[in-house]
Amino acid sequence: MALTLGIGMGYAAADRSYMTDKGVAVFYPSGYDATQHEPSPIFVNELKSAGDVPSEWNLSPEFSISGGKNVVRIPVGKGVDFYGNGEVSGPLRRNGKEVRFWNTDAPKYEADEGRRLYQSHPWVMGVRPDGTAFGIIADNTWKSSVTMDDDIVFESEGPAFRVIVIEKESPAEVLKVLADLTGHIEMPPLWALGYQQCRWSYFPDSRVKEIADSLRINKIPSDVIWMDIDYMDNFKVFTFDKEKFPDPKGLNDYLHDRNFKAVYMIDPGVKVEEGYWVDDQGTAADYWVKDASGTPYVGEVWPGPCHFPDFTRPEVREWWGTLYKDYMATGIDGVWNDMNEPAIFNVETSTMPEDNRHLGGGGLASGPHLRYHNAYGYNMVKASRDGILAANPDKRPFVLTRSNFLGGHRYAATWTGDNASDPALMKMSIPMTINLGLSGQPFSGPDIGGFFDDCTPKLLAQWTSMGVYFPFVRNHSAADTRSQEPWAFGSETLDVCRTAINRRYRLLPYVYTLFREAYEDGMPVMRPLFFADVKDSSLRAEHEAFLLGGDLMVIPRWAENTARPSGEWNRILLEDTPDDGVQANLYQRPGSIIPVAELSQNTAEYNTDKLTLLVNLDTEGKATGRMYEDAGDGFGFRDGQYADYTVTASADGNDVTIRLSQTGGNWNKPPKSIRVGLVTPNGIKYTPWTKGDVVSCKL
Ligand code: MIG
């Protein structure tokens with residue numbers, strides 16, 4: 015074999031490469047067979063050449079076959095910090111780690127010592143000491159893995175695959191290109207950013223109502239109640255248990271009357287049962303995944319023996335989507351897709367055999383489960399989202415999924431699966447959620463309080479006190495664990511949780527604006543601290559302190575001696591939330607303005623009629639901020655029904671002028687009164703409330 019100079023033994027340079035119009039380089043191995051990989055689930059549009067890769071291009075993958083596996087090595091040089099990798103356990107900084115891409119039901123993240131979780135994102139972001147950054151996508155759904163050291167090495171059990179390289183001046187620019195390639199999230203409904211209460215499971219329906227009432231009585235601002243598997247008739251999807259949930263419409267009306275939304279679980283496994291319409295329809299149309307011999311595969315899950323829809327097929331996705339029509343018509347607001355790795359009981363692999371057959375279609379070749387396993391959840395949530403949108407075309411769909419694949423943020427938000435009530439897993443939820451954000455998925459969070467095992471008052475208080483600054487905020491716990499609602503541990507814990515959740519609701523103008531940013535340019539909602547100063551090497555591994563957006567630093571109270579960005583990040587206390595010694599400490603970036611609302615008990619009541627602008631001037635006496643608002647649901651914002659405000663502050667001597675001006679959208683609902691909170695090292699100085707859009711005050 016002829017070796018190109020500089021390429022390692024046994025490795026070959028790309029057979030072919032090009033630059034796309036997005037300025038990313040694509041490298042193909044020799045023997046590349048497009049039918050084994052395309053159309054790719056990762057990209058919104060198929061990649062196309064717009065010219066040659068420039069000769070000075072730095073990062074060039076090398077291809078090889080070793081031990082029967084297709085291997086790609088990308089030499090990146092010393093001193094690079096690695097991030098991303100999608101949903102991963104362990105630290106924020108990924109150097110020295112291995113990740114296995116084989117979606118797995120991974121209770122407590124223990125499968126393969128944490129190397130394998132519910133989702134796969136064959137994606138690595140590298141940040142160099144000077145702050146320049148790159149991103150590598152292995153466009154491959156087959157069972158594979160990656161390691162990151164001086165080289166990034168992908169190994170796959172499938173055919174040779176192409177590699178996409180993004181090179182940019184900063185991590186933020188890399189993420190923007192990632193979003194351009196893999197898609198931007200849709201705007202979530204505002205209610206999905208509120209506090210959510212879940213449990214496996216609240217039943218019967220009277221218990222669900224009791225939970226809703228308790229949230230209101232205890233003045234816990236909240237928006238969503240979740241229905242886990244026990245609402246179904248014998249775990250049959252799209253059915254309701256006749257005794258426990260005799261009147262789903264009545265239950266959902268009850269919740270809606272109290273300004274709650276209702277999210278219900280749908281799993282992929284369809285109970286094998288003659289006379290059960292979902293199974294009958296799928297069998298009649300021959301929609302199931304097949305085993306190697308071509309008969310419908312049967313695997314056991316909650317309902318017992320189940321069939322599994324072959325979501326690689328467009329007609330199956332469409333059929334699955336139609337099942338949501340009558341279901342959503344009962345007043346269901348959102349859908350929770352679980353067990354979609356797919357998880358199978360009573361088999362050693364905990365999933366279906368690798369030689370099961372998927373039919374594909376719509377340009378996608380048929381292929382073994384080894385190829386389509388990692389995209390199973392992805393294709394399911396794609397079907398779910400489309401079906402939900404068709405059922406309620408004027409509402410923004412909300413789907414939460416356990417399994418997914420790189421690019422699947424287009425269809426569903428995610429939670430980090432089955433953690434436990436363990437302080438170590440609480441701490442780990444920070445880097446997990448950040449790395450998902452650095453992998454294109456801005457909308458995620460852990461089970462607050464922990465899923466397995468009994469929570470404790472201290473842990474629930476600590477976890478809620480930082481969890482409210484995550485993109486997705488849901489308290490959830492497993493069957494047979496002790497109750498874990500905010501009031502379940504007495505009044506002291508309740509007070510701490512309430513204060514934390516109050517803060518979430520007061521920060522909603524800021525949080526919603528961050529989701530708008532994610533929608534616009536792929537910026538994560540929750541960000542690593544090093545985004546505050548990408549050249550500061552002391553921040554690169556920090557994963558106890560984190561950023562919510564660009565302007566708010568969160569340091570959990572239990573975190574000791576975290577790294578800190580330079581500059582005058584001043585501590586902010588929201589004045590009606592007295593310090594209880596448990597709340598996370600919040601610090602505002604110098605030069606920023608954060609919009610804060612009055613307290614509301616749910617997003618239906620939420621408004622910005624009285625708006626507080628927290629202003630932390632920089633050393634030049636300037637600050638800027640943004641607030642984005644729209645109806646919070648529906649798609650009117652696409653036709654200009656929104657308001658985008660720019661806020662500026664500047665000091666002239668001791669006189670500070672703060673101006674709120676609408677700079678986008680034709681929604682005409684300005685705040686009725688505003689005030690400014692000048693953030694100083696000694697606390698916040700508030701001006702009186704004023705009408706109009708200019709506030710003047712003294713330093
Ligand atoms: O086998 O539906 O991760 O959140 O409560 C367990 C019951 C199935 C796993 C999910 C969890 C959910 C549980 N499910």
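Start counting the sequence shown at 15; every next residue gets the next number (my numbering). Ideal Cβ placement from N, Cα and C applies to all residues, glycine included.
C-beta neighbour in chain D for residue i, strict 8 Å
| i | result |
| --- | --- |
| E127 | Of the chains in the structure shown, none is chain D; there is only one protein chain. |
Residue i to residue j span [Cα, whole Å]
| i | j | result |
| --- | --- | --- |
| W302 | M366 | 13 Å |
| D293 | T495 | 33 Å |
| D255 | F529 | 36 Å |
| T34 | G65 | 7 Å |
| R652 | D468 | 45 Å |
| N584 | V238 | 33 Å |
| L17 | Y25 | In this predicted model, L17 has a pLDDT of only 43, less than 50, meaning its place in the structure is not dependable; the value taken from the coordinates is given anyway. Computed Cα separation, rounded: 8 Å. |
| L269 | I234 | 15 Å |
| Q50 | D153 | 11 Å |
| N696 | L587 | 11 Å |
| L508 | A502 | 8 Å |
| N248 | P282 | 14 Å |
| D400 | G335 | 6 Å |
| N621 | Y533 | 21 Å |
| P43 | R416 | 33 Å |
| A577 | E558 | 9 Å |
| N273 | W240 | 14 Å |
| R571 | W477 | 10 Å |
| F148 | M162 | 14 Å |
| S614 | V487 | 16 Å |
| K223 | A618 | 18 Å |
| I607 | P523 | 12 Å |
| E181 | D300 | 46 Å |
| G318 | T430 | 26 Å |
Distance cut-off 7 Å: residue i Cβ against heavy atoms of the ligand MIG
| i | result |
| --- | --- |
| G81 | no |
| F14 | What the structure shows of the chain is the stretch from 15 to 713, and residue 14 is not part of that stretch, so it cannot be assessed. |
| D242 | yes |
| R416 | yes |
| A125 | no |
| H490 | yes |
| M641 | no |
| M353 | yes |
| M33 | no |
| M279 | yes |
| W681 | no |
| D432 | yes |
| F259 | no |
| W477 | no |
| F465 | yes |
| W214 | yes |
Distance CB(residue i)-CB(residue j) smaller than 8 Å
| i | j | result |
| --- | --- | --- |
| I79 | V85 | yes |
| H135 | S458 | no |
| V94 | R142 | yes |
| E112 | S159 | yes |
| G463 | L474 | yes |
| P471 | G504 | yes |
| F560 | I444 | yes |
| D647 | R410 | yes |
| F252 | V315 | no |
| K304 | D194 | no |
| D623 | P685 | yes |
| L628 | Q597 | no |
The alpha helix (DSSP H) enclosing residue i, as first and last residue numbers
| i | result |
| --- | --- |
| A404 | 390-405 |
| Q615 | It is not in any alpha helix (DSSP H) - Q615 carries neither H nor E in the DSSP assignment. |
| R272 | From DSSP, R272 is part of no alpha helix (DSSP H); its letter is neither H nor E. |
Other residues of its chain near residue i: CB distance less than 7 Å, five sequence neighbours each side excluded
| i | result |
| --- | --- |
| M442 | S103 |
| G145 | S184, V548, K549 |
Residues near residue i in its chain [Cβ-Cβ closer than 6 Å; skip 5 each side]
| i | result |
| --- | --- |
| D219 | F259, L265 |
| E643 | A657 |
| L61 | T34, V40 |
| M15 | For M15, the predicted structure reports a pLDDT of 39, less than 50, and the residue's modelled location is therefore unreliable. A value from the coordinates is still provided. Cβ within range, chain order: n/a, list empty. |
| Y32 | V40, S63 |
| K705 | S687 |
Beta strand (DSSP E) segment containing residue i, residue limits
| i | result |
| --- | --- |
| Y700 | 697-700 |
| N575 | Unbroken run through N575: none, as it is neither H nor E. |
| Q602 | 599-602 |
Contact set for residue i: own chain, Cβ-Cβ below 8 Å, skip 5 residues either direction
| i | result |
| --- | --- |
| L19 | For L19, the predicted model reports a pLDDT of 49, less than 50, meaning its position is unreliable and no value from the coordinates is stated. |
| D165 | R87, I88, P89, V90 |
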